[in-house]
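Visitor: Can you keep this structure in mind? I'll have questions shortly.
Written out as structure tokens, the structure is:
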């Protein structure tokens, strides 16, 4: 049986552009305990933070040599989901898209498969609310 890893991501921006943050929660269902990560950038956009969250999650999985797993990504970013599932064109942020695609390819080459899930933001989804908090706190840390 393939290991399932649920990845919850979100981005936040105080102003657009403005100080931004990203949040990630990784739940490896073969392991006890969640991994939480967050980070910030002083002058960015919401879309860049949404994408950065996915990139940081992928980088973590690469660093920990994850292979032969179902990677189930949950995000409230229709841009991220539809770029992967509906082949939306990458008109902006091509630098980040290139990094995400490289990380995706590395994970895919290790036998991982991907499942993309859009979740409605700010609608009581427990894990989405958690990564939203992480992202917002990271952005707010730049203003204090």
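Numbering (the working numbering), first residue to last: 1003 to 1146. Ideal Cβ positions, reconstructed from N, Cα and C, are used throughout, including at glycine.
Would the segment 1102-1122 and the segment 1014-1025 be scored as touching if the rule is three or more Cβ pairs under 8 Å?
Guide: Flag = no, the segment 1102-1122 and the segment 1014-1025 do not touch.
Visitor: How would you call residue 1114, buried or exposed, if buried means at least 16 neighbouring beta carbons within 10 angstroms?
Guide: Buried, since its Cβ has 16 or more Cβ neighbours within 10 Å.
Visitor: For the beta strand (DSSP E) containing residue 1115, name the first residue and the last one.
Guide: Segment 1115-1120, the beta strand (DSSP E) holding residue 1115.
Visitor: Just to confirm my understanding: we take residue 1019, look at its own chain, exclude 5 residues before and 5 after, and list those with CB closer than 7 Å. What are they?
Guide: Answer for residue 1019: 1045, 1046, 1047, listed in chain order.
Visitor: Determine the direct distance from the alpha carbon of residue 1074 to that of residue 1135, and round the result to whole angstroms.
Guide: Roughly 20 Å separates the two Cα atoms.
Visitor: Please report the residue range of the alpha helix (DSSP H) in which residue 1130 lies.
Guide: Unbroken alpha helix (DSSP H) run through residue 1130: 1128-1142.
Visitor: Tell whether a beta-carbon distance below 8 Å holds between residue 1042 and residue 1098.
Guide: Contact: no.
Visitor: Could you pull out every unbroken alpha helix (DSSP H) segment of at least 4 residues lying fully inside the segment 1049-1119, listed in chain order?
Guide: Correct list: 1080-1087, 1096-1111.
Visitor: Does the beta-carbon of residue 1119, which I'm using as the reference point, lie nearer than 7 Å to any heavy atom of the ligand SAH?
Guide: With respect to the ligand SAH, the structure offers nothing, as it holds no ligand at all.
Visitor: Looking at C-beta atoms only, is the number of pairs between the segment 1075-1089 and the segment 1122-1133 that lie closer than 8 Å three or more?
Guide: Contact between the segment 1075-1089 and the segment 1122-1133 is present, because at least three Cβ pairs lie under 8 Å.
Visitor: Compute the Euclidean distance between the alpha carbons of residue 1085 and residue 1062, then round it to the nearest angstrom.
Guide: Answer to the nearest angstrom: the Cα atoms are 21 Å apart.
Visitor: Based on Cα-Cα distance, which residue from 1010, 1017, 1006, 1064 lies nearest to residue 1039?
Guide: The shortest C-alpha separation from residue 1039 is found at 1010.
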